[in-house]
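Taking this note's numbering, I'd label the letters of the sequence shown as residues 130 to 403.
One structure below.
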Amino acid sequence: MFKQAQKIGAVLVVTFALLFLGACGRGEDAGKNRVVELPPKSAGVSHVKEIKVGIKIPILMYHYVRDVNKTSDPLGWNLSISPADFEKQIKYLKDNGYTPVHLSTLNDGSVKGKSIVLSFDDGTEDFYTTAFPILKKYGFTASCAIIADSTARKNYMTAEQIKWLIGEGIEVLSHGYNHVNLDSVGSADLKKQTFGSKDFLEKTFGIHVDYFVYPAGKYNKNVIDSLKAAGYKMALTTNYGEANIGVSDNFELPRIRIDNRDGYNGFIKKLGNL
């Protein structure tokens, strides 16, 4: 009788232990699958900082491609580059896989590969006679900033020459109506420089002129507001640096000045430091 009671007790102990372990297991599983409600995020509040990533594009700034005597014309020498050095630079770009594009390409977001913009300020005749033949030799295009009233001036490109270049794929930008410092003009003159130059170039050449180059790099908020009101989409400065499309302000795009002080080796160094 006593032994039978011991057996029954042992069975009850084992049964109780199994039931207890099963309950614990179910509790653990329930904990794993339990949905924990978190407090709702406050409306309009983001705890993740947005990081903008743009497309970095070097925009080179040239003025004149010509031989100049440094002693007799130091300023002209500083703004120029010799035809021999210019061709070496263009060949370097070609050999190293660069593809020149227009500002319109930057604006529409269709930049691909190793792109670069070649911008030329002022629209002097040496662009037509010297720079463009070298560009064409290597299959390159460029963007040329034209001063609206310059086509009748000596040493500047004529309207006929500019029309021909447009037919060859050169992009025309506005460089103001008569190349004055825009940060110090009155409202009427500012409108002439922005609206007036755009209207003149578009009517003269039958094209859209959507991009501007600040004369002497001078501008302020009023100038930018006037450009936007006139319908421009981008503007180039003389501020040094690589443009970061999508991050840089479209109306304060920096450029990389290239001139006689660089030569060939300095040119390569500037590109290598980007």
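We put the beta carbon where it would ideally sit given N, CA and C, even for glycine.
(message) Among G375, I385, D214, K321, whose alpha-carbon lies nearest the alpha-carbon of A358?
(response) K321
(request) Have a look at D250, S233, H231, V194 and flag the residue whose alpha-carbon is nearest the alpha-carbon of Y343. (result) D250
(message) Counting C-beta neighbours from all protein chains within 10 Å, is the total for L167 16 or more, i.e. buried, or is it exposed?
(response) Unreliable placement is indicated for L167, whose pLDDT of 46 sits below 50; no coordinate value is reported for it.
(request) Pull up the distance between the alpha-carbon of H231 and that of L247, whole angstroms please. (result) Rounded to the nearest whole angstrom, the CA to CA distance from H231 to L247 is 8 Å.
(message) Quick check: what's the CA-CA separation for A274 versus L365?
(response) 10 Å
(request) Just mark D378 as buried or exposed, buried being the case when its beta carbon has 16 or more other beta carbons within 10 Å. (result) exposed
(message) Going by C-alpha to C-alpha distance, which of A260, T253, G296 sits closest to D278?
(response) T253
(request) Sort out for me which residues DSSP pairs R386 with in a bridge. (result) Note: R386 sits in a beta bridge opposite M190.
(message) Need the endpoints of the beta strand (DSSP E) that S244 sits in, please.
(response) From DSSP, the beta strand (DSSP E) with S244 extends over 244 to 251.
(message) What ranges does the beta strand (DSSP E) occupy inside the stretch 310 to 376, keeping only unbroken runs of at least 3 residues that lie completely in it?
(response) 340 to 342, 363 to 369, 372 to 374
(request) Mind the definition here: the stretch 336 to 356 touches the stretch 302 to 322 only if three or more C-beta pairs lie below 8 Å; say whether that holds. (result) yes
(request) Could you tell me which residues DSSP pairs with T228 in its beta bridges? (result) Within the DSSP bridge table, the entry for T228 names S244 as partners.
(request) Sort out for me which residues DSSP pairs L235 with in a bridge. (result) Answer is none; L235 lacks a bridge partner.
(message) Please identify the residue among G242, F380, I263 whose C-alpha is closest to the C-alpha of K362.
(response) F380
(message) Tell me the DSSP secondary structure of E254 in three-state form.
(response) Helix at E254.
(request) Would you identify the three-state DSSP class for A271, choosing helix, strand or coil? (result) Here A271 sits in coil by DSSP.
(message) Using the Cβ count rule (16 or more neighbours within 10 Å means buried), how would you classify E297?
(response) Label assigned to E297: exposed.
(request) Assign G151 to buried or exposed, taking buried as 16 or more other Cβ atoms, counted over all protein chains shown, within 10 Å of its Cβ. (result) At G151 the pLDDT is 49, less than 50, meaning the model places this residue with poor confidence; the figure from the coordinates comes in the next sentence. Counting of Cβ neighbours within 10 angstroms places G151 among the exposed residues, the total staying below 16.
(request) Measure the beta-carbon distance from L222 to I245 and round it to whole angstroms, keeping in mind my assumption that it falls under 8 Å. (result) Separation of the CB atoms of L222 and I245 is rounded to 7 Å, and the pair is thereby assigned contact status at 8 Å.
(message) Quick check on R163: buried or exposed, where buried means 16 or more other Cβ atoms within 10 Å of its Cβ?
(response) Only weak support is given to the placement of R163: the predicted model assigns it a pLDDT of 42, under 50, and the value that follows is read from those uncertain coordinates. Flag for R163 reads exposed.
(request) Please state whether DSSP places L403 in a helix, a strand or coil. (result) coil
(request) Take T333 as the anchor and find which of L208, I276, G360, P262 has the nearest alpha-carbon. (result) The option with the nearest alpha carbon to T333 is I276.
(message) Using CA atoms only, rank isn't needed, just tell me which of F215, Q290, H192, I263 is closest to G392.
(response) Comparing Cα positions, the closest option is F215.
(message) Measuring CB atoms only, is the stretch 226 to 240 touching the stretch 196 to 204, in the sense that at least three cross pairs come out at less than 8 Å?
(response) no
(message) Let me confirm a value: K327 is counted as buried when at least 16 other C-beta atoms fall within 10 Å, else exposed. Which label applies?
(response) Buried, since its Cβ has 16 or more Cβ neighbours within 10 Å.
(request) Assuming I336 contacts V301 (C-beta within less than 8 Å), just tell me the rounded distance between them. (result) 6 Å
(message) With DSSP as the reference, identify every bridge partner of Y285, one or two as the case may be.
(response) T253
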